[in-house]
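Read left to right, the sequence shown gives residues -26 to -1, 1 to 176 (mature numbering (1 follows the signal peptide of the UniProt record, and there is no 0)). Ideal placement from N, C-alpha and C gives every residue a C-beta, glycine not left out.
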Amino acid sequence: MSLIRLMIPSVVIFSASLFLSSPAQAELEWKLDENRSVLNFVSVKNDHVAELHRFNELKGELLGEELTIQIPVKSLDTQIAIRDERMREHLFNAKEHPFITAKATIPHSSITDIPVLTTVPLEVDFKVFIAGEAQRVNSVVQITRLDVERFLATTAQPVLISTKDFKLVEGVNRLREIANLEAIDYVVPVTFSVQFERQPPQ
């Protein structure tokens, strides 16, 4: 048997081991569980009337250390159908920008080093995209390791979104005029509770 034939199996095994240990293969992937995740926000009109709203759909993944969450604007739910339509059109410009997106970098150890059934705070620097505008938004998130395969992330306190920062003031004013209101606050408190499940390696 020739030397080349003897070497072929070793070369194949070595190449395969390099492939399996490459960064792309080693990346952990966690998928957002839509059925166990919620995002709510509060609007205040006429200075003292607060109303709770939500988005019914959330999509997201943590791939490696890169977190991406997408919120379909069509899933907006304010409990009033006509108001949903007006907000999609005049505030979010849903035809051109159908998703609200949040991105962040989450170190592996922030998740994997947490003991099961333990909660730790984590400061997260999100980059949020709304209606074509992007802004940095800082939030303190409580991370709970539910088990080896799942973790829960919840806001430690409401995240304050400024409509001025995202150039949404014109849309807010238009909604105020249509509804014949005296005022709508330009700052919106947002809370979320999102659960992620670890995916098997591909």
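Nearest CA to the CA of residue 56: which residue from 14, 30, 152, 19?
Counting from one through the sequence shown, the residue named residue 56 turns up at place 82. It is 152 whose Cα lies nearest to the Cα of residue 56.
Per DSSP, which one or two residues make a beta bridge with residue 23?
As a working note, residue 23 is residue 49 in the sequence shown. 19, per the DSSP bridge assignment.
How many Å lie between residue 32 and residue 89 at the Cα?
On the sequence shown, position 58 is the one that residue 32 refers to. On the sequence shown, position 115 is the one that residue 89 refers to. Distance between the alpha carbons of residue 32 and residue 89: 27 Å.
Could you tell me whether the Cβ atoms of residue 146 and residue 6 are closer together than 8 Å?
If you number the sequence shown from 1, residue 146 lands on position 172. If you number the sequence shown from 1, residue 6 lands on position 32. Contact flag unset, no.
Quick one: Cα of residue 99 to Cα of residue 39, how far?
Taking the sequence shown and counting its residues from 1, one reaches residue 99 at position 125. Taking the sequence shown and counting its residues from 1, one reaches residue 39 at position 65. Distance between the alpha carbons of residue 99 and residue 39: 13 Å.
Hey, residue 143 and residue 111: beta-carbon distance below 8 Å or not?
As a position in the sequence shown, residue 143 is number 169, starting the count at 1. As a position in the sequence shown, residue 111 is number 137, starting the count at 1. Against a cut-off of 8 Å, the Cβ pair of residue 111 and residue 143 comes out as no contact.
Is residue 83 buried or exposed, if buried means 16 or more other CB atoms sit within 10 Å of its CB?
The sequence position of residue 83 within the sequence shown is 109, counting from 1. Of the residues assessed, residue 83 falls on the exposed side of the cut-off, its CB having fewer than 16 other CB atoms within 10 angstroms.
Where are the alpha helix (DSSP H) runs, 4 residues long or more, that stay fully inside the region 25 to 71, in chain order?
At a cut-off of 4 residues, the continuous stretches assigned as alpha helix (DSSP H) that sit fully inside the region 25 to 71 are 55 to 60.
Report all residues from its chain with a CB closer than 6 Å to the CB of residue 71; omit the five preceding and five following residues, and keep chain order.
Within the sequence shown, numbered from 1, the residue matching residue 71 stands at position 97. These residues qualify, in order along the chain: 105, 106.
Can you tell me where the alpha helix (DSSP H) holding residue 146 begins and where it ends?
Here residue 146 refers to the residue found at position 172 of the sequence shown. In the DSSP assignment, residue 146 falls within the alpha helix (DSSP H) that extends over 143 to 153.
Out of 120, 3, 131, which has the shortest C-alpha to C-alpha gap to residue 42?
Counting from 1 along the sequence shown, the entry for residue 42 is found at position 68. The candidate whose alpha carbon is nearest that of residue 42 is 3.
With DSSP collapsed to three states, give me the class of residue 113.
Sequence index remark: in the sequence shown, residue 113 carries index 139 (1-based). Here residue 113 sits in strand by DSSP.
Beta-carbon within less than 7 Å of residue 1's beta-carbon, same chain only, minus the 5 sequence neighbours each way: which residues are those?
For this step, residue 1 is matched to residue 27 along the sequence shown. Answer for residue 1: 37, 38, listed in chain order.
Terminal residues of the continuous alpha helix (DSSP H) containing residue 80?
Working through the sequence shown from its first residue, we reach residue 80 at position 106. Bounds of any alpha helix (DSSP H) do not take in residue 80, whose DSSP letter is neither H nor E.
Closest to residue 12 by C-alpha separation, out of 46, 63, 121, 150, would be which residue?
Residue mapping note: residue 12 aligns to position 38 of the sequence shown, counting from 1. Taking only the C-alpha atoms, the option nearest residue 12 is 46.
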